[in-house]
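Quick note: the sequence shown uses our numbering, first residue 9, plus one each step. Quick reminder that beta carbons are idealized off the backbone N, C-alpha and C, glycines included.
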Amino acid sequence: MSATYVYGLISADADLPEDLAGLGPSGSVSTVAHGKLAAIVSDVPLDRPLGTRDDLLAHERVVDSVANHTTVLPMRFPAVIEEDGLVEELLGPHQEHFLAILERLDGKVQYTLRARYEQDVLLQEILEEDEQIRRLHEQVRELPEDAAYYDRVKLGELIVRALEKRREVDAADIVERLEPFAADVSTTTPSQPEDVVIAAFLVERDAVPAFDEAVEELGRDTHEWLRLRLLGPLAPYDFIPQE
């Protein structure tokens, strides 16, 4: 027996790109339409739990490939439903809601920018700009490791505070430079101290060249102390209503 795996939703009149490789024994991907809405689906065995890294990569590969061609509303991973429930529980009762989201996202794709400091360069700048940190840093270098323990702790705390202050300013500057080229922006608080910003930009397809050039210009201006990584075009994962 099999169930239906749902990658995302598209307009019923939209076409899928060729040669999509999805989940399930065959990896085949198709659509099931109801009214003006269609679900992107694969058949998956009921006896195989989903949730591995390979499953996640397959899900993202399908959704992002579709996003390159048309507007897609990605489903949360993993989304499995009984075949009979696809229309009765998903497409039918929620059609107007899903169509409204697709209309809002129509013609747009997501780009995710990750910015990370060059640690050595940034530390040198902090030492040059902050006299207290510079003096303590020089003092610690001249003392035995055991004797300088508390000074090292204090130095670390001062550097972390200086880094947080610097990151707040730099993250705001990055978003401010790219925001004019996007229809919407969603930021995530970085978990690592060397990360500056993780920002998702919802970009009109027609505005992608201008957005790409703005990112290139940002990279040229900051290449000595910042590493940028741009992912996209992606499905608009960060711009889907939580409900």
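Quiz item: Quick one: Cα of residue 178 to Cα of residue 40, how far?
Solution: The residue labelled residue 178 in the question sits at position 170 within the sequence shown. The residue labelled residue 40 in the question sits at position 32 within the sequence shown. When rounded, the distance between both Cα atoms is 46 Å.
Quiz item: Do the region 84–94 and the region 53–72 touch if we need at least three Cβ pairs shorter than 8 Å?
Solution: yes
Quiz item: For residue 100, which residues of its own chain have a beta-carbon under 7 Å away from its beta-carbon, when the five flanking residues on both sides are left out?
Solution: Here residue 100 corresponds to residue number 92 of the sequence shown, with the count starting at 1. Contacts found: 42.
Practice problem: Can you give me the start and stop residues for the beta strand (DSSP E) that residue 241 sits inside? | Solution: What you label residue 241 is simply residue 233 of the sequence shown in a count that begins at 1. From DSSP, the beta strand (DSSP E) with residue 241 extends over 234–242.
Self-check item: Through-space distance from residue 46 to residue 218, alpha-carbon basis
Solution: Numbered from 1 along the sequence shown, position 210 holds the residue referred to as residue 218. Numbered from 1 along the sequence shown, position 38 holds the residue referred to as residue 46. Between residue 218 and residue 46, the C-alpha separation is close to 32 Å.
Exercise. Give the straight-line distance between the Cα atoms of residue 82 and residue 72, rounded to the nearest whole angstrom.
Key: Along the sequence shown, read from residue 1 onward, the residue named residue 82 stands at position 74. Along the sequence shown, read from residue 1 onward, the residue named residue 72 stands at position 64. Going from the Cα of residue 82 to the Cα of residue 72 covers about 9 Å.
Quiz item: Taking all protein chains shown into account, do 16 or more other C-beta atoms lie within 10 angstroms of the C-beta of residue 259, making it buried, or fewer, making it exposed?
Solution: Since the first and last residues shown for the chain are 9 and 251, residue 259 lies out of range.
Quiz item: So, are the CB atoms of residue 195 and residue 207 less than 8 Å apart?
Solution: Numbered from 1 along the sequence shown, position 187 holds the residue referred to as residue 195. Numbered from 1 along the sequence shown, position 199 holds the residue referred to as residue 207. Taking 8 Å as the Cβ cut-off, residue 195 and residue 207 qualify as a contacting pair.
Self-check item: Reduced DSSP secondary structure (H/G/I, E/B, other) of residue 85
Solution: If you number the sequence shown from 1, residue 85 lands on position 77. In this structure, residue 85 counts as coil in the three-state DSSP scheme.
Practice problem: Check the DSSP bridge columns for residue 116 and list the partner residues they point to. | Solution: One-based indexing of the sequence shown puts residue 116 at position 108. Per DSSP, 212.
Quiz prompt | Member of 29, 249, 19 and 210 whose CA lies at the smallest distance from the CA of residue 107 | solution = Counted from its first residue, the sequence shown places residue 107 at position 99. Among 29, 249, 19 and 210, the Cα nearest to that of residue 107 is on 19.
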